[in-house]
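Worksheet for the structure shown next.
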Amino acid sequence: MSYMSSNRDSTGSRNVRRNVLEFGRTYVVMPRGTHTATIVWLHGIGEKGSSWTQILETLPLPNIKWICPTAPTRPVTLFGGYPCTAWFNMTSMSEDDSDDLEGLEASSTHVANLLTSEPDDVKLGVAGFSMGASVALYSATCRATGQYMNGNRYPINLSAAVALSGWLPCSRFLKNRVGASQEAARRAASLPVLLCHGRVDDVVEYKLGEKSAQTMYSAGFQNLTFRTYNE
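Take the sequence shown: its letters are residues 1 to 231, numbered as in UniProt numbering.
As C-alpha coordinates, this is what we get:
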(Lines of atoms letter the chains of each structure in order from A and count residues from 1; the text may use other names and numbers.)
(Lines give C-alpha, C1' and ligand atoms only; values in the text may rest on other atoms or scores of the structure.)
Protein backbone atom coordinates (compact mmCIF):
# COMPACT_ATOMS: atom_id res chain seq x y z
CA MET A 1 0.00 0.00 0.00
CA SER A 2 1.36 3.42 -0.90
CA TYR A 3 0.47 6.99 -0.13
CA MET A 4 1.67 10.51 -0.88
CA SER A 5 3.02 13.05 1.54
CA SER A 6 3.05 16.79 1.01
CA ASN A 7 6.17 18.46 -0.31
CA ARG A 8 8.70 20.11 1.99
CA ASP A 9 12.03 21.67 1.18
CA SER A 10 15.23 19.96 2.26
CA THR A 11 15.50 22.00 5.46
CA GLY A 12 11.87 21.70 6.50
CA SER A 13 11.62 25.50 6.64
CA ARG A 14 9.21 27.84 4.90
CA ASN A 15 11.94 30.45 4.51
CA VAL A 16 13.83 29.16 1.49
CA ARG A 17 16.32 31.05 -0.61
CA ARG A 18 14.97 31.90 -4.03
CA ASN A 19 17.60 29.89 -5.86
CA VAL A 20 16.77 26.69 -3.99
CA LEU A 21 14.65 24.44 -6.19
CA GLU A 22 11.55 22.85 -4.78
CA PHE A 23 11.32 19.07 -4.42
CA GLY A 24 8.23 17.35 -5.75
CA ARG A 25 5.84 14.96 -4.03
CA THR A 26 7.06 12.13 -1.86
CA TYR A 27 5.39 8.73 -2.21
CA VAL A 28 5.57 6.04 0.47
CA VAL A 29 5.13 2.27 0.17
CA MET A 30 4.33 0.90 3.61
CA PRO A 31 5.66 -2.49 4.77
CA ARG A 32 3.29 -5.44 4.62
CA GLY A 33 4.97 -7.13 7.57
CA THR A 34 7.00 -6.03 10.60
CA HIS A 35 8.76 -2.75 9.88
CA THR A 36 12.49 -3.45 10.21
CA ALA A 37 14.03 -1.16 7.59
CA THR A 38 13.32 2.05 5.71
CA ILE A 39 14.92 2.76 2.34
CA VAL A 40 14.74 5.99 0.38
CA TRP A 41 14.41 5.07 -3.30
CA LEU A 42 15.65 7.69 -5.78
CA HIS A 43 14.34 7.72 -9.34
CA GLY A 44 16.26 8.41 -12.52
CA ILE A 45 16.37 11.65 -14.49
CA GLY A 46 13.03 12.72 -15.90
CA GLU A 47 11.06 10.40 -13.61
CA LYS A 48 9.18 11.03 -10.36
CA GLY A 49 8.73 9.26 -7.05
CA SER A 50 5.62 7.40 -8.19
CA SER A 51 7.49 5.92 -11.19
CA TRP A 52 8.80 3.09 -9.00
CA THR A 53 6.09 2.51 -6.40
CA GLN A 54 4.31 -0.29 -8.26
CA ILE A 55 7.57 -2.18 -8.72
CA LEU A 56 8.56 -1.71 -5.09
CA GLU A 57 5.14 -2.94 -3.93
CA THR A 58 5.69 -6.26 -5.71
CA LEU A 59 9.15 -7.01 -4.30
CA PRO A 60 9.31 -9.95 -1.85
CA LEU A 61 10.57 -7.62 0.89
CA PRO A 62 7.56 -7.27 3.21
CA ASN A 63 9.42 -5.65 6.11
CA ILE A 64 10.76 -2.62 4.22
CA LYS A 65 9.16 0.80 4.10
CA TRP A 66 10.04 2.62 0.88
CA ILE A 67 10.18 6.42 0.71
CA CYS A 68 10.14 7.69 -2.87
CA PRO A 69 10.77 11.44 -3.21
CA THR A 70 10.55 13.42 -6.44
CA ALA A 71 13.52 15.49 -7.60
CA PRO A 72 13.18 19.19 -8.39
CA THR A 73 12.49 20.25 -11.97
CA ARG A 74 15.57 22.09 -13.23
CA PRO A 75 17.32 22.92 -16.51
CA VAL A 76 19.83 20.18 -17.32
CA THR A 77 22.87 21.28 -19.31
CA LEU A 78 23.37 17.80 -20.81
CA PHE A 79 19.95 18.16 -22.46
CA GLY A 80 20.58 21.66 -23.79
CA GLY A 81 19.03 23.32 -20.77
CA TYR A 82 15.73 21.45 -21.13
CA PRO A 83 13.95 21.38 -17.74
CA CYS A 84 13.19 17.98 -16.22
CA THR A 85 13.23 16.31 -12.84
CA ALA A 86 16.87 15.85 -11.83
CA TRP A 87 18.67 15.48 -8.51
CA PHE A 88 21.47 17.77 -9.73
CA ASN A 89 22.60 19.44 -12.95
CA MET A 90 25.05 17.66 -15.21
CA THR A 91 27.01 18.62 -18.30
CA SER A 92 28.13 15.12 -19.36
CA MET A 93 27.72 11.48 -18.43
CA SER A 94 31.26 11.17 -17.12
CA GLU A 95 33.17 10.92 -13.86
CA ASP A 96 35.09 13.98 -15.08
CA ASP A 97 31.91 16.05 -15.25
CA SER A 98 32.07 19.38 -13.42
CA ASP A 99 29.83 18.26 -10.59
CA ASP A 100 26.88 20.40 -9.46
CA LEU A 101 27.91 20.12 -5.83
CA GLU A 102 25.21 22.48 -4.57
CA GLY A 103 22.46 20.44 -6.23
CA LEU A 104 23.99 17.15 -5.16
CA GLU A 105 24.26 18.21 -1.53
CA ALA A 106 20.75 19.66 -1.49
CA SER A 107 19.38 16.33 -2.71
CA SER A 108 21.49 14.32 -0.26
CA THR A 109 20.33 16.56 2.58
CA HIS A 110 16.72 16.10 1.50
CA VAL A 111 17.19 12.32 1.55
CA ALA A 112 18.75 12.38 5.01
CA ASN A 113 15.96 14.56 6.35
CA LEU A 114 13.37 12.07 5.08
CA LEU A 115 14.99 9.43 7.29
CA THR A 116 15.45 11.43 10.48
CA SER A 117 11.97 10.67 11.86
CA GLU A 118 12.21 6.90 11.41
CA PRO A 119 12.15 4.74 14.61
CA ASP A 120 15.48 4.12 16.31
CA ASP A 121 15.23 0.35 15.92
CA VAL A 122 14.74 0.54 12.13
CA LYS A 123 17.70 0.19 9.77
CA LEU A 124 18.13 2.99 7.24
CA GLY A 125 19.21 2.75 3.62
CA VAL A 126 19.45 4.76 0.41
CA ALA A 127 19.03 3.25 -3.04
CA GLY A 128 18.43 4.53 -6.54
CA PHE A 129 18.51 4.14 -10.28
CA SER A 130 20.76 6.05 -12.71
CA MET A 131 21.07 9.64 -11.41
CA GLY A 132 19.28 8.52 -8.23
CA ALA A 133 21.96 5.87 -7.80
CA SER A 134 24.58 8.62 -7.91
CA VAL A 135 22.93 10.41 -4.98
CA ALA A 136 22.81 7.11 -3.10
CA LEU A 137 26.55 6.55 -3.60
CA TYR A 138 27.34 10.12 -2.64
CA SER A 139 25.26 9.65 0.51
CA ALA A 140 27.36 6.58 1.31
CA THR A 141 30.55 8.66 1.12
CA CYS A 142 28.99 11.29 3.41
CA ARG A 143 28.09 8.57 5.92
CA ALA A 144 31.70 7.38 5.91
CA THR A 145 33.21 10.82 6.38
CA GLY A 146 30.49 12.02 8.74
CA GLN A 147 29.90 15.19 6.74
CA TYR A 148 28.95 16.63 3.38
CA MET A 149 31.65 18.18 1.25
CA ASN A 150 30.49 21.62 2.40
CA GLY A 151 31.46 20.66 5.96
CA ASN A 152 27.95 20.22 7.38
CA ARG A 153 27.42 17.16 9.55
CA TYR A 154 25.82 14.10 7.95
CA PRO A 155 23.07 13.13 10.42
CA ILE A 156 22.07 9.61 9.35
CA ASN A 157 23.47 6.23 10.39
CA LEU A 158 23.10 4.46 7.06
CA SER A 159 23.03 0.67 7.13
CA ALA A 160 23.37 0.18 3.35
CA ALA A 161 23.51 1.89 -0.04
CA VAL A 162 22.38 0.40 -3.36
CA ALA A 163 23.05 1.79 -6.85
CA LEU A 164 21.50 0.45 -10.06
CA SER A 165 23.04 1.66 -13.34
CA GLY A 166 24.63 4.70 -11.70
CA TRP A 167 27.98 6.32 -11.09
CA LEU A 168 29.86 8.04 -8.28
CA PRO A 169 29.87 11.86 -8.48
CA CYS A 170 32.80 13.82 -6.99
CA SER A 171 34.87 10.65 -7.22
CA ARG A 172 38.18 12.50 -7.55
CA PHE A 173 37.87 13.73 -3.96
CA LEU A 174 36.85 10.45 -2.34
CA LYS A 175 40.17 8.90 -1.31
CA ASN A 176 41.35 12.04 0.47
CA ARG A 177 38.00 12.44 2.25
CA VAL A 178 37.92 8.88 3.56
CA GLY A 179 41.61 8.90 4.40
CA ALA A 180 41.27 12.04 6.49
CA SER A 181 40.52 10.11 9.70
CA GLN A 182 40.58 6.59 11.10
CA GLU A 183 36.91 6.85 11.97
CA ALA A 184 36.00 7.64 8.36
CA ALA A 185 38.07 4.71 7.16
CA ARG A 186 36.37 2.41 9.68
CA ARG A 187 32.88 3.48 8.63
CA ALA A 188 33.75 3.14 4.95
CA ALA A 189 35.09 -0.38 5.47
CA SER A 190 31.97 -1.56 7.31
CA LEU A 191 29.20 0.03 5.20
CA PRO A 192 27.55 -2.47 2.80
CA VAL A 193 27.39 -1.02 -0.71
CA LEU A 194 25.88 -2.79 -3.73
CA LEU A 195 26.42 -1.56 -7.29
CA CYS A 196 24.68 -3.27 -10.20
CA HIS A 197 25.28 -2.47 -13.88
CA GLY A 198 24.36 -3.94 -17.24
CA ARG A 199 27.21 -4.54 -19.67
CA VAL A 200 25.28 -3.09 -22.61
CA ASP A 201 23.75 -0.11 -20.80
CA ASP A 202 23.25 2.50 -23.52
CA VAL A 203 22.65 5.43 -21.16
CA VAL A 204 25.18 5.12 -18.33
CA GLU A 205 28.11 3.22 -19.80
CA TYR A 206 29.19 0.04 -18.05
CA LYS A 207 32.78 1.26 -17.74
CA LEU A 208 31.56 4.28 -15.76
CA GLY A 209 29.80 2.09 -13.22
CA GLU A 210 32.78 -0.27 -13.08
CA LYS A 211 35.20 2.62 -12.50
CA SER A 212 32.97 3.98 -9.73
CA ALA A 213 33.04 0.62 -7.97
CA GLN A 214 36.82 0.45 -8.29
CA THR A 215 37.21 3.99 -6.97
CA MET A 216 35.06 3.31 -3.91
CA TYR A 217 36.79 0.02 -3.14
CA SER A 218 40.27 1.51 -3.43
CA ALA A 219 39.18 4.40 -1.18
CA GLY A 220 38.32 1.93 1.59
CA PHE A 221 34.76 0.68 0.94
CA GLN A 222 35.76 -2.93 1.42
CA ASN A 223 32.23 -4.24 1.99
CA LEU A 224 31.34 -3.40 -1.60
CA THR A 225 29.77 -5.73 -4.17
CA PHE A 226 29.75 -5.01 -7.90
CA ARG A 227 27.33 -7.16 -9.88
CA THR A 228 27.12 -7.16 -13.66
CA TYR A 229 24.39 -8.29 -16.02
CA ASN A 230 24.56 -9.15 -19.71
CA GLU A 231 21.83 -6.69 -20.53
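Each residue gets a CB set at the ideal place from its N, CA and C atoms; glycine is no exception. Predicted, not measured: the structure shown is a model, and the values here were computed from it.
Sub-8 Å separation of residue i and residue j beta-carbons
i	j	result
P72	F23	yes
A213	K175	no
A144	L101	no
S171	T215	yes
V126	V111	yes
R186	T141	no
Residue i - DSSP class collapsed to helix/strand/coil
i	result
K48	coil
S165	coil
residue 233	Given that the chain is displayed from residue 1 to residue 231, the structure contains no residue 233 and the question cannot be resolved.
A37	strand
C170	coil
F79	helix
Per DSSP, cross-strand counterpart(s) of residue i
i	result
L208	None, per the DSSP bridge assignment.
Q54	DSSP, once it has assigned bridges, lists no residue as partnering Q54.
W66	V29 and I39
Q147	R153
C142	Its beta-bridge partners do not exist; DSSP assigns none.
From the options, residue whose alpha carbon lies closest to that of residue i
i	options	result
P155	H43, F79 and S108	S108
H197	N223, L168 and Y229	Y229
T26	W52, H43, P69 and T53	P69
H43	P60, F173, A136 and P169	A136
K65	A37, Q222 and E47	A37
Rounded Cβ spacing between residue i and residue j (contact assumed at less than 8 Å)
i	j	result
A189	L164	In fact, because the Cβ distance is near 23 Å, the residues do not count as touching under 8 Å.
C84	I45	6 Å
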